[in-house]
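Structure, as structure tokens:
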Amino acid sequence: MTKKIAVLAGDGIGPEIVKEAIKVLNALAKDGLDIELEYGLIGGAAYDETGTPLPEKTVKISKEADAILLGAVGGYKWESLDISVRPEKGLLGIRSELNLFANLRPAILYPQLADASTLKPEVVAGLDLMIVRELTGGIYFGQPRGIRTLENGEKEGFNTLVYRESEINRIGKVAFDIAQKRQGRLCSVDKANVLESTELWRETMTTLSADYSDVELSHMYVDNAAMQLVRAPKQFDVMVTTNMFGDILSDCASMLTGSIGMLPSASLDEDGKGMYEPIHGSAPDIAGQNIANPLATILSASMMLRYTLDEPEMADRIEKAVSFVLEQGLRTADIYSDGMTKVGTIEMGDAVVAAL
Ligand code: NAD
0 MTKKIAVLAG DGIGPEIVKE AIKVLNALAK DGLDIELEYG LIGGAAYDET GTPLPEKTVK
60 ISKEADAILL GAVGGYKWES LDISVRPEKG LLGIRSELNL FANLRPAILY PQLADASTLK
120 PEVVAGLDLM IVRELTGGIY FGQPRGIRTL ENGEKEGFNT LVYRESEINR IGKVAFDIAQ
180 KRQGRLCSVD KANVLESTEL WRETMTTLSA DYSDVELSHM YVDNAAMQLV RAPKQFDVMV
240 TTNMFGDILS DCASMLTGSI GMLPSASLDE DGKGMYEPIH GSAPDIAGQN IANPLATILS
300 ASMMLRYTLD EPEMADRIEK AVSFVLEQGL RTADIYSDGM TKVGTIEMGD AVVAAL
């Protein structure tokens with residue numbers, strides 16, 4: 000049956016990197032992958048054309064699709080807009096509209112890139128970590144929020160960190176299920192010593208662990224987790240954490256692997272439908288120069304085939320092709336080191352297609 004993919008390229012380098020991932024998917028389509036693509040606007044590009052960062056049409060095609068491939072949103076051009084119509088609102092909005100509450104962010108170090116990490120090769124070589132981030136709750140969505148003026152005329156900004164037991168339970172289940180399929184170790188990250196909402200997080204994870212006797216659950220405060228991620232990242236198998244802590248820790252984990260340009264991510268709903276995107280942003284500093292690394296987006300397409308479209312062999316082919324081009328010494332600027340061959344965005348995409 001034909002699988003529908005909604006393609007939302009977004010802003011900055013978004014259109015360039017998504018184009019390369021589509022090239023890869025189209026190459027697989029010639030070998031029998033049955034897909035249909037439908038394009039939609041999101042972020043600044045959508046605001047410019049329609050006055051909103053998340054047009055209704057985009058929500059409609061995303062809801063109708065089996066999976067969504069997203070580039071990135073945001074850029075200098077839209078920074079002075081009111082927060083309600085900023086590009087990032089489009090992204091938060093689509094996650095919320097589709098109820099994509101579970102964000103899977105793998106940090107895998109390709110052996111060929113051990114030198115590209117800023118950490119010593121022995122600290123990161125062989126790293127294979129999965130961060131599971133709660134995506135539709137917590138302080139990014141909590142009410143009340145805003146900026147108000149106090150009686151003395153001073154302004155005050157405020158946000159609310161709130162988690163319900165049911166929200167913690169459903170993200171916990173996703174993380175325990177993933178840990179069961181990996182090495183069976185789950186580290187739940189919180190700040191239970193200071194924040195009541197994460198005290199409940201810790202209690203709920205502990206209660207849930209009774210249903211998963213084959214998974215070893217540990218708890219860690221987020222400040223320690225940040226330190227441990229750089230000190231000895233291989234101690235972790237799966238980490239599960241709140242929206243904001245996961246946002247920060249997964250960017251930190253990405254650098255362990257050499258470049259933010261290498262890491263894909265999946266955001267899933269309760270039925271396994273998902274939106275797939277690189278973890279990096281729209282990189283306006285390098286947009287339009289054919290130097291962005293498209294591999295995170297190409298690997299996002301591979302995750303989409305594996306987790307939502309049930310095409311694990313096609314996913315394997317992409318991952319092997321990526322490994323092969325790295326083996327050949329091809330590098331975009333962000334992962335380049337002496338002795339390697341520097342290539343642009345388009346050339347990297349072409350090389351992956353050739354390696355398929
Ligand atoms: P960023 O991830 O866009 O860029 C951080 C740094 O990494 C930059 O130096 C950039 O050039 C580099 N980089 C990122 N992706 C790369 C790639 N594929 N290849 C090579 N280098 C790459 O983060 P930022 O600079 O903090 O944010 C820029 C814009 O992106 C902002 O408007 C921000 O709101 C937005 N943003 C969007 C998302 C998203 O769409 N999911 C996520 C984060 C930030």
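Residue 0 is where the sequence shown starts when you use numbering that gives the first Met the number 0, and the numbers rise one by one after that. For every residue, glycine included, the Cβ atom is placed at its ideal position computed from N, Cα and C.
{"Item": "Where do the N-terminal and C-terminal ends of the alpha helix (DSSP H) with M302 fall, by residue?", "Value": "294–306"}
{"Item": "For a quick check, are the C-beta atoms of V72 and G137 less than 8 Å apart?", "Value": "no"}
{"Item": "Can you check DSSP and say which residues form a bridge with K66?", "Value": "The question names Lys, but residue 66 is Ala in the sequence shown. BP columns for A66 point to I4, G273."}
{"Item": "With a 10 Å radius around its C-beta and 16 neighbouring C-beta atoms as the bar for buried, classify I34 as buried or exposed.", "Value": "buried"}
{"Item": "Drop a sphere of 10 angstroms on the beta-carbon of R316, count the other beta-carbons inside from all chains shown, and report buried for 16 or more, exposed for fewer.", "Value": "buried"}
{"Item": "Determine the extent of the alpha helix (DSSP H) in which F323 is found, giving its start and end residues.", "Value": "311–326"}
{"Item": "For the pair the stretch 252–262 and the stretch 137–157, tell me if three or more CB-CB distances fall below 8 Å.", "Value": "no"}
{"Item": "Give every residue of the same chain whose Cβ lies closer than 8 Å to the Cβ of G183, excluding the five residues on either side of it in the sequence, and list them in chain order.", "Value": "D213, V214, E215, D236"}
{"Item": "When the Cα atoms are used, what is the spatial distance from A350 to S196?", "Value": "47 Å"}
{"Item": "In three-state DSSP terms, what is F244?", "Value": "helix"}
{"Item": "If we define contact as Cβ-Cβ less than 8 Å, is R316 a contact residue for chain D?", "Value": "The question asks about chain D, but that chain is absent: this structure has only one protein chain."}
{"Item": "Within the same chain, show all residues whose beta-carbon is closer than 6 Å to that of A124, passing over the 5 residues directly before and after it, in chain order.", "Value": "A113"}
{"Item": "Enumerated in chain order, which unbroken segments of the alpha helix (DSSP H) with a length of 4 residues or greater are wholly contained in the stretch 149–187?", "Value": "164–180"}
{"Item": "From M204 to I167, what distance separates their C-alpha atoms?", "Value": "7 Å"}
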